[in-house]
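Novice: Each residue of the sequence shown is one higher than the one before, counting from 1260 in this note's numbering.
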Amino acid sequence: MKKILYNQQNCCIDTPYGEIAFLLLRKNVKNINMRIRSDLTITISANRKINEKTIYDFAIKNLNWILHTIEKIKLKQKAKQKITSLADQTELYLLGKKYDVHIINSKTDKVFISNKSIQIMQKDILDTQKTQQITAAFLKKTGEKIFNKLCRKWMKLTEFNTPLTFQIRNMTSRWGSCNPTKKKITFNLKLLVFPIQAAEYVVLHEILHFFHKGHDKNFYKALAKFMPDYKEREKILKNQVSVCAE
Ligand SMILES: [Zn+2]
1260 MKKILYNQQN
1270 CCIDTPYGEI
1280 AFLLLRKNVK
1290 NINMRIRSDL
1300 TITISANRKI
1310 NEKTIYDFAI
1320 KNLNWILHTI
1330 EKIKLKQKAK
1340 QKITSLADQT
1350 ELYLLGKKYD
1360 VHIINSKTDK
1370 VFISNKSIQI
1380 MQKDILDTQK
1390 TQQITAAFLK
1400 KTGEKIFNKL
1410 CRKWMKLTEF
1420 NTPLTFQIRN
1430 MTSRWGSCNP
1440 TKKKITFNLK
1450 LLVFPIQAAE
1460 YVVLHEILHF
1470 FHKGHDKNFY
1480 KALAKFMPDY
1490 KEREKILKNQ
1500 VSVCAE
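1. So, at 6 Å on beta carbons, what are the nonlocal neighbours of R1411 in its own chain, with the 5 sequence-adjacent residues on each side left out?
2. Which residue wins for smallest C-alpha separation from I1473, given the options S1436, K1366, N1447, K1400?
3. For Q1381 and I1393, which I take to be in contact (beta-carbon distance under 8 Å), what is that distance rounded to the nearest angstrom?
4. To which residues of the same chain is S1365 closer than 8 Å at the C-beta, ignoring the five residues directly before and after it?
5. I need the straight-line Cα distance from K1262 to E1278, nearest angstrom please.
6. Out of P1454, P1439, K1400, T1401, which has the shortest C-alpha to C-alpha gap to R1492?
7. Let's see if you can read the secondary structure: which residues bound the alpha helix (DSSP H) around T1394?
8. Is it the case that the stretch 1407-1423 contacts the stretch 1316-1332, given that we only count it when at least three CB pairs across the two stretches are under 8 Å?
9. How close, in whole Å, do the beta carbons of L1448 and L1398 come, if the pair is a contact with beta carbons under 8 Å?
10. Would you mind reading off the limits of the alpha helix (DSSP H) that contains F1317?
11. Could you compute how far the alpha carbon of T1349 sits from the alpha carbon of Q1378?
12. Sort out for me which residues DSSP pairs F1485 with in a bridge.
13. What residues match up with Y1358 in a beta bridge as DSSP calls it?
14. With a Cβ-Cβ cutoff of 8 Å, do V1452 and L1334 count as a contact?
15. Following a CB-centred definition, is H1327 positioned closer than 7 Å to any heavy atom of ligand 1?
Okay, structure coming up:
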């Protein structure tokens, strides 16, 4: 028991962004290693011979990496939640950007978006159900504009001339789906959480299914031709749900 206590130590660094706590593990490792878990706990492993100052300097040197990784984990976790239920929280992710959510008393229900915040105006600020409805309507309207623009762009570029319709839904197991018979594409509302490059990738992916039914060699060849960086874009969505269920 004593040994375990000796090997673990709670540490903390002061940063311009507030205090950052980490658990210091003394192990038989060569270098200093740092790890951030999905619950946002930071662990630094270091050899017993390395003094504390070196470890603190290491943490401060890697501050940008820590902050960036924490943001990345938070973004992934947000995407897993139902996007329309985010209104009762204090922040919302839209197209890869974090916005503070302010619920403001107003005579009419509407949403204002500025550079850093989203203001949800409503008559009764305590009516959380109403807040969710207003947010869902706002996100759907925003999504319609974005997907409409992207569909037009990629239909033109792929020379797909048959009119198609699309709908946006909260889906749990895929980012998009395509019904070639009905000429209809369904997009996951959660795509709005990520940078627009991710939504654009799903748009092209689904449009290409009108030309290629499955995910064969020719499908990926076409994908690479129109979007040479599609793998990078796919990575944004990786470890979430699959792109489509075909
Ligand atoms: Zn597919």
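Idealized CB from N, CA, C, for every residue including glycine.
Specialist: Reading from the atomic positions:
1. none
2. The sequence shown places Gly at residue 1473, not Ile. That would be S1436, whose Cα lies nearest to the Cα of G1473.
3. 6 Å between Cβ atoms; contact.
4. M1380, Q1381, K1382
5. With a pLDDT of only 44 at K1262, under 50, the local geometry of the prediction cannot be trusted, and the value read off the model is given with reservation. Whole-angstrom Cα-Cα distance: 28 Å.
6. The option with the nearest alpha carbon to R1492 is P1454.
7. 1387-1417
8. no
9. 6 Å between Cβ atoms; contact.
10. 1311-1320
11. T1349 and Q1378: Cα-Cα distance of roughly 11 Å.
12. Here F1485 is not bridged, per DSSP, to any residue.
13. L1351
14. yes
15. no
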